[in-house]
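Enquirer: According to this note's numbering, the sequence shown is numbered sequentially starting from 10.
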Amino acid sequence: MIQNIRNFCIIAHIDHGKSTLADRMLEITATVKKLKNSQMLDRLDIEQERGITIKLTPARMLWKDYEFNLIDTPGHVDFAYEVSRSLAAVEGAILLVDASQGVQAQTLSVLYQAMEHGLEIIPVLNKIDLPAANPERVAQELEHLIGIDKDDIIKVSGKTGENVDQVLDAIIERIPNPKTFREAHVEKFFTDKSITEINGSRALIFDSVYDKYRGVVCYVKVVDGEISVDDTLHLIHSEKKIEPPEIGYFVPNYVKDKKLSEWQIGYIVTGGKSVRDAKIGDTMIGWADFQTVKDYTKLQPYAMPGFRKVKPYVYAGVYPVDSNEFEKMRDGFERLSLNDSAIEFEYENSKALGYGMRAGFLGMLHMDIIRERLAREHDIETIFTIPNVVYLMKMKTFSHEKIKTGANVLELVTSGYFTHILSDFTGKLTEVDKENITYKTDHELAEIYEDKLHGWLLVRSGADMPEQGQIETIYEPYAEVEVVGPKDYSGNIMELSQEYRGEMKNMEYIDETRVLWRYLMPLGEIIIDFYDRLKSATKWYATMNYEFARYRASDLVKLDMFINGEQVEAFSMICHREKAYGMGREIVEKLKDLIPKHMFPIPLQAGIGSKMIARETIPAMRKDVLAKCYGWDVSRKRKLLEKQKEGKKRMKAMGNVNVPNDIFINLMSNR
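1. Taking only the alpha-carbon atoms, compute the straight-line gap between Val422 and Glu485 and give it to the nearest angstrom.
2. Would Arg647 be called buried (16 or more neighbouring beta carbons within 10 Å of its own) or exposed?
3. Taking His25 as the reference, give the member of Ala97, Ala89 and Ala108 with the closest Cα.
4. Pull up the distance between the alpha-carbon of Met592 and that of Asp239, whole angstroms please.
5. Comparing C-alpha positions only, which one of Ser499, Arg561, Glu440 and Lys413 sits nearest to Glu459?
6. On the three-pair Cβ rule with 8 Å, is the stretch 487-506 touching the stretch 109-122?
7. Tell me which same chain residues have a C-beta within less than 6 Å of the C-beta of Leu139, skipping the five on either side of it?
8. Three or more beta-carbon pairs under 8 Å between the stretch 536-553 and the stretch 439-449, yes or no?
9. Could you give the DSSP three-state label for Phe557: helix, strand or coil?
10. Shortest alpha-carbon distance to Lys5 belongs to which of Asn515, Arg561, Asp331 and Ile622?
11. Going straight from the alpha carbon of Arg527 to that of Asn208, what length do you get?
12. Output the boundary residues of the alpha helix (DSSP H) element that contains Leu151.
13. Contact between the stretch 184-191 and the stretch 303-317 is defined here as three or more beta-carbon pairs at a separation below 8 Å; is this criterion met?
14. Do you know how far the Cα of Arg69 is from the Cα of Asp233?
15. So does the stretch 189-201 actually touch the stretch 255-263, counting three or more Cβ pairs closer than 8 Å?
16. Taking one C-beta from the stretch 88-107 and one from the stretch 378-395 each time, how about it: are there three or more such pairs within less than 8 Å?
17. Tell me whether Asn135 sits in a helix, a strand or coil according to DSSP, three-state version.
18. How far does the beta strand (DSSP E) with Asn515 in it extend, from its first residue to its last?
19. Using CA coordinates, which residue listed in Tyr219, Ala558, Glu456 and Thr241 is at the minimum distance from Pro531?
20. If you drop the 5 nearest sequence neighbours on each side, which residues of the same chain put their C-beta closer than 6 Å to that of Met338?
21. For Lys411 versus Leu454, is the C-beta distance shorter than 8 Å?
22. To the nearest angstrom, how far is it from the Cα of Leu213 to the Cα of Ser247?
23. Could you say if the stretch 223-237 and the stretch 275-293 meet the contact criterion of at least three C-beta pairs nearer than 8 Å?
24. Between the beta-carbon of Leu120 and the beta-carbon of Ile155, is there less than 8 Å?
25. Using 8 Å for Cβ pairs, my map puts Ala472 next to Ile535. What's the rounded Cβ distance?
26. Could you give the DSSP three-state label for Gln113: helix, strand or coil?
27. Given 7 Å as the limit, tell me if Gln576 has its C-beta closer than that to any heavy atom belonging to the ligand FMN.
28. Rounded C-beta distance between Arg367 and Glu355? I'm assuming under 8 Å.
29. Within its chain, find whatever has a CB closer than 7 Å to the CB of Glu540; leave out the 5 residues flanking it on each side and keep chain order.
30. From Leu462 to Phe407, what does the alpha carbon distance come to, in whole angstroms?
31. Met660: buried (16+ other C-beta within 10 angstroms of its C-beta) or exposed?
32. Would you tell me roughly how many angstroms separate the C-alpha atoms of Ile704 and Val566, rounded to the nearest one?
33. In whole angstroms, give me the CA-to-CA distance for Glu456 and Ile430.
34. Apart from the five residues on each side of it in sequence, which residues of its chain come closer than 7 Å, Cβ to Cβ, to Ser424?
35. Count the other CB atoms within 10 Å of the CB of Lys27; is the residue buried (16 or more) or exposed (fewer)?
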């Protein structure tokens, strides 16, 4: 049976036809009947409307006495960790490229990951039936960029099904069986490289979802032995024990089975209440010697390599438009978090917006999806404040409340950001540090590294940033950015990248008309509107991909906004010193248009510490008290004006500024 299993995934850019090709495969292999609606593997309405895959979906197919296990992976960079675990669960990948558009930035990023995993790549050109298709040109691109022989490229149409059977045959011929692949890549199957086999069963969790009837369901690939219903299994990193009440496989709906054999892909019901109880990348192990486990560190050597905690990179304040719906919004967040372990949130209170949350997301697309799902599935209209990335700050003094209590050390450890400090921001940890991180708990790590982490703070928003005089150095995250675009727009792309503090690493001509640029760019600069401006500057032709690279020291400051002399923390942001004046001026000018007039003048100010760098004033709404003074004596008119002036002074002293609920939406849309 082992010889007749083929596990593979599909690598493609957004809207290159990945889910459509998967549909044709399901039809041709008779796994499902003729589909009336396309994108069967895209279950969410938002996936089908936007033409993107958000949650990966596996499917088992039978073709010429071979069992195929397909994993339909997301294509967007926000879900890169999910993709990396999917790549660890297969032996081959179909590289799918639109014959009318060519190779795109995100395709290259995932392709390089697949090649690092040692996967066999099958190049496929899709949409050859389109009038704009140019298979020959795109085939030359693939040959130039990746070194793939043009004769090995299969040309298909996912829409009509043309030549899809050739792809299925190539999967049998080119992708190795799991046993052969493991013999060639033994180091990829155990954290402890001295271990090469196990006298029991193991499975890699490459995804987990919450089902309201079953609880948490783990999507797994069995890498050792076989797993049956009611086996005693242990989740090594989650430190949980389970006896699965149900196991099975996908077609792509759930199909119950008695067992999952070695190298098969399927699902295991854990009965857990949250996907945080079954982390992506964790390893399930079943072994007679480990029926009762108290110290899970003994199991760590048998874990599959590559596990890491999913870290949000983008944080934003989230508030209900109607302040009375806070409880409803909180319930919506908690329900979404049952199915999405990447969401982090904690409660906060803003003077301007009331009760809300500080929430963490994988990226801007992930944040936008959560916002839309809150509106659709839970009927909650929300306000998202200006997003921020995570900064690391080395303090001069230890007077900050978190440092006094030691909470800063545990926060750095539990979030995973402490590894940057341990490696001195090089990304290279010592063997001792690697061993500690693998085998020690968060509290043990906090004790071990307390001295080294004592003077450091993790800051997720401008409101949390301490006073400038207390900070010795600020470190901000940088990303490696790849941009693919037409040669004719080279000037626009390079000018825009420099505006966002990008440092060009290299550029490469893909063909006569298109260029690939690689930049090192601050993550905080690109998360808000860089992609939109890139599209605008290239008439929608350019594509981009970014991946976190490392932290670097930068000259950053906290930009505060004051409305009527009162600091509004929800508007506070962290920016580069050189851009602070222009950004402060821009925001106060926009606030002047967005905040309605009151019966008294409202000063708007932007400041760094105690120094104000920009100011605008919203004039008072004026009532014409002289409207009925026709032909009256001038002293009477002067008396009325003085009376109005005195009344406005009293009103200003008592008045609060009414800030519209949609001000953040409008402020971000105008950036």
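Idealized CB from N, CA, C, for every residue including glycine.
No experiment lies behind these values; they were computed from the predicted model shown.
Expert: Judging by the given coordinates:
1. Within the sequence shown, numbered from 1, the residue matching residue 422 stands at position 413. Within the sequence shown, numbered from 1, the residue matching residue 485 stands at position 476. If you take the alpha carbons of Val422 and Glu485, they lie about 18 Å apart.
2. Working through the sequence shown from its first residue, we reach residue 647 at position 638. Result: exposed.
3. For the purposes of this step, residue 25 is identified with residue 16 of the sequence shown, where counting begins at 1. Comparing Cα-Cα distances from His25 to each of Ala97, Ala89 and Ala108, the minimum goes to Ala108.
4. Here residue 592 refers to the residue found at position 583 of the sequence shown. Here residue 239 refers to the residue found at position 230 of the sequence shown. A straight-line Cα-Cα distance of about 60 Å links Met592 and Asp239.
5. What you label residue 459 is simply residue 450 of the sequence shown in a count that begins at 1. Checking every option, the nearest Cα to that of Glu459 belongs to Lys413.
6. Counting Cβ pairs under 8 Å, three or more are found: they touch.
7. Here residue 139 corresponds to residue number 130 of the sequence shown, with the count starting at 1. Closer than 6 Å at Cβ, skipping near neighbours: Ser109.
8. Pairwise C-beta distances place the stretch 536-553 out of contact with the stretch 439-449, as fewer than three of them are shorter than 8 Å.
9. Walking along the sequence shown from the start, residue 557 turns up at place 548. The answer is strand: DSSP assigns Phe557 an E or B state.
10. Only positions 10 to 680 of the chain appear in the structure, and residue 5 is not among them; the question remains open.
11. The residue you call residue 527 lines up with position 518 of the sequence shown. The residue you call residue 208 lines up with position 199 of the sequence shown. The straight-line gap from Cα to Cα measures roughly 47 Å.
12. Counted from its first residue, the sequence shown places residue 151 at position 142. In this chain, the alpha helix (DSSP H) harbouring Leu151 covers Pro144 to Ile155.
13. Output reads no: the stretch 303-317 does not touch the stretch 184-191.
14. Sequence index remark: in the sequence shown, residue 233 carries index 224 (1-based). Sequence index remark: in the sequence shown, residue 69 carries index 60 (1-based). Cα-Cα distance, rounded: 19 Å.
15. Counting Cβ pairs under 8 Å, fewer than three are found: no touch.
16. In this structure the stretch 88-107 does not touch the stretch 378-395; the number of beta carbon pairs closer than 8 Å is below three.
17. Counted from its first residue, the sequence shown places residue 135 at position 126. Per DSSP, reduced to three states, the secondary structure at Asn135 is strand.
18. By one-based count along the sequence shown, residue 515 stands at place 506. Glu512 to Tyr518 is the extent of the beta strand (DSSP E) around Asn515.
19. Taking the sequence shown and counting its residues from 1, one reaches residue 531 at position 522. Between Pro531 and the set Tyr219, Ala558, Glu456 and Thr241, the nearest pair of CA atoms involves Ala558.
20. Walking along the sequence shown from the start, residue 338 turns up at place 329. Excluding the 5 residues flanking it on each side, Met338 has same chain C-beta neighbours closer than 6 Å at Pro329 and Ile389, in chain order.
21. As a working note, residue 411 is residue 402 in the sequence shown. As a working note, residue 454 is residue 445 in the sequence shown. No, the Cβ-Cβ distance between Lys411 and Leu454 is not below 8 Å.
22. Residue mapping note: residue 213 aligns to position 204 of the sequence shown, counting from 1. Residue mapping note: residue 247 aligns to position 238 of the sequence shown, counting from 1. Taken atom to atom, the span from the alpha-carbon of Leu213 to that of Ser247 is near 13 Å.
23. Segments in contact, yes.
24. On the sequence shown, residue 120 is found 111 positions in, with the first residue counted as 1. On the sequence shown, residue 155 is found 146 positions in, with the first residue counted as 1. With a cutoff of 8 Å on beta-carbon distance, Leu120 and Ile155 are scored as near each other.
25. For the purposes of this step, residue 472 is taken as residue 463 along the sequence shown, with counting starting at 1. For the purposes of this step, residue 535 is taken as residue 526 along the sequence shown, with counting starting at 1. At roughly 22 Å, the Cβ-Cβ gap does not stay under 8 Å, so Ala472 and Ile535 are not in contact.
26. On the sequence shown, position 104 is the one that residue 113 refers to. DSSP, reduced to helix, strand and coil, places Gln113 outside both helices and strands of the structure shown, so it counts as coil.
27. This structure does not include the ligand FMN; it has no bound ligands of any sort.
28. Indexing the sequence shown from 1 puts residue 367 at position 358. Indexing the sequence shown from 1 puts residue 355 at position 346. That belief holds up - the Cβ atoms of Arg367 and Glu355 are roughly 5 Å apart, short of 8 Å.
29. Sequence index remark: in the sequence shown, residue 540 carries index 531 (1-based). Reading off the sequence shown, one finds Tyr at residue 540, where the question assumed Glu. Counting only Cβ-Cβ distances below 7 Å, and skipping sequence neighbours, we find Met553.
30. Position 453 of the sequence shown holds residue 462. Position 398 of the sequence shown holds residue 407. Each residue's alpha carbon lies about 12 Å from the other.
31. What you label residue 660 is simply residue 651 of the sequence shown in a count that begins at 1. At Met660 the pLDDT is 48, less than 50, meaning the model places this residue with poor confidence; the figure from the coordinates comes in the next sentence. Counting Cβ neighbours within 10 Å, Met660 comes out exposed, since fewer than 16 surround it.
32. Coverage of the chain is limited to positions 10 through 680, which leaves residue 704 absent and any answer about it impossible.
33. Counted from its first residue, the sequence shown places residue 456 at position 447. Counted from its first residue, the sequence shown places residue 430 at position 421. Spanning the alpha carbons of Glu456 and Ile430 requires a straight line of approximately 15 Å.
34. By one-based count along the sequence shown, residue 424 stands at place 415. So the qualifying residues of the chain are Lys320 and Leu467.
35. Stepping through the sequence shown from its first residue, residue 27 is reached at position 18. By the 10 Å Cβ count, Lys27 comes out buried.
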